[in-house]
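Take a look at the structure below.
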Amino acid sequence: RDLSVIQTPPPDRLAVQTVIVPFSPAIIRSAIERELQRGGQVFFVHNEIETIHEIAHLIRQLVPQARIGVAHGRLSERELERTVLRFVHQELDVLVTTTIIENGIDIPQANTILINRAERFGLADLYQLRGRVGRSNRLAYAYLLIPPESTLSAVAHRRLAALKEFSDLGSGFRLAALDLELRGAGNLLGPEQSGHINALGFELYCQLLERTIRELRGEKIEEELIPQINLRLSLRIPETYIADMSERLHVYKRLAAARTEAKLAELRDELMDRYGPLPPEVERLLLLGSIRNAAMCVRVRAIEREGTRILIQFADPDLPNAEHRRAFLATHPSAEFAPDGTLRYDLSAPDERTLLLQLRDDLLQLQGATYNFPGQSYRDESATSADLKKRGRRR
Numbered sequence: 088r089d090l091s092v093i094q095t096p097p098p099d100r101l102a103v104q105t106v107i108v109p110f111s112p113a114i115i116r117s118a119i120e121r122e123l124q125r126g127g128q129v130f131f132v133h134n135e136i137e138t139i140h141e142i143a144h145l146i147r148q149l150v151p152q153a154r155i156g157v158a159h160g161r162l163s164e165r166e167l168e169r170t171v172l173r174f175v176h177q178e179l180d181v182l183v184t185t186t187i188i189e190n191g192i193d194i195p196q197a198n199t200i201l202i203n204r205a206e207r208f209g210l211a212d213l214y215q216l217r218g219r220v221g222r223s224n225r226l227a228y229a230y231l232l233i234p235p236e237s238t239l240s241a242v243a244h245r246r247l248a249a250l251k252e253f254s255d256l257g258s259g260f261r262l263a264a265l266d267l268e269l270r271g272a273g274n275l276l277g278p279e280q281s282g283h284i285n286a287l288g289f290e291l292y293c294q295l296l297e298r299t300i301r302e303l304r305g306e307k308i309e310e311e312l313i314p315q316i317n318l319r320l321s322l323r324i325p326e327t328y329i330a331d332m333s334e335r336l337h338v339y340k341r342l343a344a345a346r347t348e349a350k351l352a353e354l355r356d357e358l359m360d361r362y363g364p365l366p367p368e369v370e371r372l373l374l375l376g377s378i379r380n381a382a383m384c385v386r387v388r389a390i391e392r393e394g395t396r397i398l399i400q401f402a403d404p405d406l407p408n409a410e411h412r413r414a415f416l417a418t419h420p421s422a423e424f425a426p427d428g429t430l431r432y433d434l435s436a437p438d439e440r441t442l443l444l445q446l447r448d449d450l451l452q453l454q455g456a457t458y459n460f461p462g463q464s465y466r467d468e469s470a471t472s473a474d475l476k477k478r479g480r481r482r
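The sequence shown begins at 88 in this note's numbering and counts up one residue at a time.
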């Protein structure tokens, strides 16, 4: 995606330790007393104004020595300001509050927050509330207080588990992406505020959204035909080359998106720089990317290999044109074009790499091109015809 994520935390900043626990007077007492013993302050978030004073009374009973204040939106502006300032000036130890403190509160001495009925909050709300603590170089704690887990919905379970998992500094974007999938992105072109992105996946949703916007603008949409290729070869990234599974998946994703030879060459150079010389399987995988790109240029629907026989099925029976067909038949005596747009011919090679190279060159020949310069893509529209002639390529 075309975005940049800030992941570097401020100097000496520590990640907030997040725990999910059932509502328990013993846990509340322990958490508050631990923070007070090290000279800190505590937020207790209870988002029901009708019962917030009952919670404050409970905390007074649990921790009699604590100085406790209450803040919520129904207080007068002057009273609310006075309560918050007393907390800022450390005249209060515990601030029992609603989500009114979600934004704009920066109190370095407050390093413990307890959030009651955490399952009722959205991921964005919980992330913002957790951000009220841990704003200094001291380790901070966030307690998500919930009722018995058996009463929680599957979505609430996933939401709370995600907040606990993504507690590292700089993980805000990953939480935002998950929140987008859980709640839905809504209709960007209308008033609806929820959607079905979780049924599609974020990537496909973005592709469909981009396509819809282009259609509404009246732009011409060309269908991208990605050929199905089955050559019965070992094409993979070995674990001995890239051990981490997520890194391997990332490379597969980049390979699938590399629509030009320049992008493939860039990926090749990066792999060699980070992981060392390419093993044969990865070499073949990159060659398969070249074959896919060449096949897309002549609207190939599928490529199959059966023994020494290659079958190429074109999306349009008139492709390739008559001139390129004649040229191909002249150099491949075994080739035959069927009326339905299918090409069959014999292709044998001493090894798999040579086979892939020959197949790539055959596809280029079918579109009247030759592969004479590995750094330049035959799909690079920025290259002028003069550039192509200068580099030895012919259309």
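Glycine included, each C-beta is placed from N, C-alpha and C at the ideal position.
| Asked | Found |
| --- | --- |
| Please classify T184: does DSSP put it in a helix, a strand, or coil? | strand |
| Label N198 either buried or exposed according to how many other C-beta atoms from any shown protein chain fall within 10 Å of its C-beta, with 16 as the threshold for buried. | buried |
| Using a Cβ-Cβ cut-off of 7 Å (strictly less than) and excluding sequence neighbours within five positions of L453, which residues of its own chain qualify? | V385, P407, H411, F415 |
| Can you give me the C-alpha to C-alpha distance between K307 and M383, rounded to a whole angstrom? | 19 Å |
| In this structure, what does DSSP give as the bridge partners for P109? | I233 |
| Would P374 pass as a contact of R447 if the rule is Cβ separation under 9 Å? | Sequence inspection shows Leu at residue 374; the Pro mentioned does not correspond to that position. Against a cut-off of 9 Å, the Cβ pair of R447 and L374 comes out as a contact. |
| CB of L374 to nearest heavy atom of the ligand GTP: below 8 Å? | Summarising the ligand content, the structure contains no ligands, and the ligand GTP is consequently not present. |
| Verify whether the separation of the beta carbon atoms of L430 and A422 is less than 9 Å. | yes |
| Quick check on the DSSP output: what are the complete alpha helix (DSSP H) runs of length 4 or more inside the segment 346–409, in order along the chain? | 348–362, 367–384 |
| Answer yes or no: do R440 and P367 have a C-beta to C-beta separation smaller than 9 Å? | yes |
| CB L216 to CB I202, shorter than 9 Å? | yes |
| Take A102 as the anchor and find which of V132, R219, I142 has the nearest alpha-carbon. | R219 |
| Between which two residues does the alpha helix (DSSP H) carrying Q148 extend? | 139–149 |
| Does the separation of the CB atoms of V106 and A229 fall below 9 Å? | yes |
| Does the distance from the CB of D180 to the CB of V129 come in under 9 Å? | yes |
| Would you check if the segment 206–213 and the segment 160–174 touch, i.e. whether three or more CB-CB distances between them fall below 8 Å? | no |
| State yes or no: is the C-beta of R379 within less than 9 Å of the C-beta of I316? | yes |
| Count the other CB atoms, across all protein chains shown, that sit within 10 Å of the CB of T457; report buried if there are 16 or more and exposed otherwise. | Confidence in T457 is poor, its pLDDT being 45 and thus under 50, which makes the residue's placement too unreliable to answer from. |
| Residues bridged to I202 by DSSP? | V132, L231 |
| I need the straight-line Cα distance from V369 to A389, nearest angstrom please. | 22 Å |
| Leaving out five residues on either side along the sequence, give the residues of the same chain with a beta carbon under 8 Å from the beta carbon of Q177. | Q128, Q196 |
| From L320 to S240, what distance separates their C-alpha atoms? | 46 Å |
| On the DSSP bridge assignment, give the partners of D433 in chain order. | R396 |
| What does the alpha-carbon distance come out to for the pair A445 and L303? | Per the sequence presented here, residue 445 reads as Gln, with Ala not at that position. Their backbone Cα atoms lie some 43 Å apart in a straight line. |
| Determine, using beta carbons only, whether L322 and A381 come nearer to each other than 9 Å. | no |
| Is the Cβ-Cβ distance between R207 and N134 less than 9 Å? | yes |
| Quick check on the burial criterion: 16 or more other C-beta atoms within 10 angstroms. Buried or exposed for L295? | exposed |
| Name the one or two DSSP bridge partners that G156 has. | L182 |
| For I142, which residues from the same chain have a beta carbon less than 8 Å from its beta carbon, with the 5 sequence-adjacent residues on both sides left out? | F131, H133, V183, N203 |
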